[in-house]
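In the working numbering, the protein residues as written are 46 to 283.
By construction, the Cβ of each residue, glycine as well, lies at the ideal position given by its N, Cα and C atoms.
It should be emphasised that the depicted structure is a prediction, and the values quoted were computed from it without experimental measurement.
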Amino acid sequence: MSAADLVIQINPAARVQLRHYGEELHPLIVIDDVLLNPEQLVEAAAQTSFSAPEATFYPGLNAPLPPAYLQTLLPILRPSLMRAFDIGDGRLLSRAFFALSTLPAEEMQPLQKIPHYDQPDPRCLAMVHYLGRDQAGGTGFFRHIPTGFESIDRTRREAYMAMVASELDALGDRLTGYTGPDTPNYELLETVAPKFNRLVIYCSHVLHCALFDGARLTDNPRTGRLTANSFFTPVRAA
């Protein structure tokens, strides 16, 4: 199944759950069994060329997602995004790609071993679609203990990044494993398990990280930790 031949089919019996976590009550949308034909999406990934991304800290390989993926999913998801995240009904900029985690912990930089945020803009959203079977780990959401921050917006970014730089200088050699409940200076607040064909959607400014402990990290899309990653940015009206 090539990307060009892929037809995305939404499962009308998909199960949608809205969660909130932390003292800041951040919303999470979790949707199980979202596609009727997820195996075909995996096969499309297997027929696609992956490469290391430029100018990102993603610990693995990326590849283009078929345009049909967001063209089909986004109109269906849009009402839920509006209700849960209050993003309004304006235009959304979007980008999406296959992601295949491959980097072992000993090859990661210290900054890759702590939680991160994607954008310091509460309006922006991120979505992860788990496409690996029988994988461990998932996605974790964290609080930075010294500051109490669960999310980083523009008012917090400068102070937070300065403190993180200081912490990594002092404790970087203690970061010998993947991010998780024992990561210094962070508290794990919520986890979403990597169930096959599950979507999780969250605000891009929250502190989060992929959880890799126990995951099979290979460069084979059929057997590795494959996800489809998407990002959405609301466009303000002129």
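- Annotation for G135: P279, V280, R281, A282 place their beta carbon closer than 8 Å to its own, counting only its chain and skipping 5 residues before and after.
- Between the alpha carbons of G133 and L170 lies a distance of about 13 Å.
- By the CB criterion at 8 Å, A113 and F95 fall outside the cutoff.
- Counting the other CB atoms within 10 Å of its CB gives T224 a total of 16 or more, which places it among the buried residues.
- Relative to the Cα of L73, the nearest Cα in the group L81, R64, L80, V79 belongs to R64.
- Pairwise C-beta distances place the segment 111-125 out of contact with the segment 180-197, as fewer than three of them are shorter than 8 Å.
- Per the DSSP secondary-structure output, E232 pairs in a beta bridge with R188.
- Judged by DSSP secondary structure, M206 falls within the alpha helix (DSSP H) whose first and last residues are 199-216.
- I246 counts as buried, since at least 16 other C-beta atoms from the protein chains shown sit within 10 angstroms of its C-beta.
- Counting the other Cβ atoms within 10 Å of the Cβ of T101 gives fewer than 16, which makes it exposed.
- Taking each of R60, H189, V52 in turn and checking the Cα distance to K240, the smallest one comes out for R60.
- At the C-beta level, S146 and A238 stay beyond 8 Å of one another.
- Residue nearest to L81 within the set L176, L138, E99 is L176 (criterion: CA-CA distance).
- Spanning the alpha carbons of R243 and G182 requires a straight line of approximately 13 Å.
- Beyond the five residues adjoining it in sequence on each side, G105 comes within less than 6 Å, by CB distance, of L145, S146, T147, L148 in the same chain, given in chain order.
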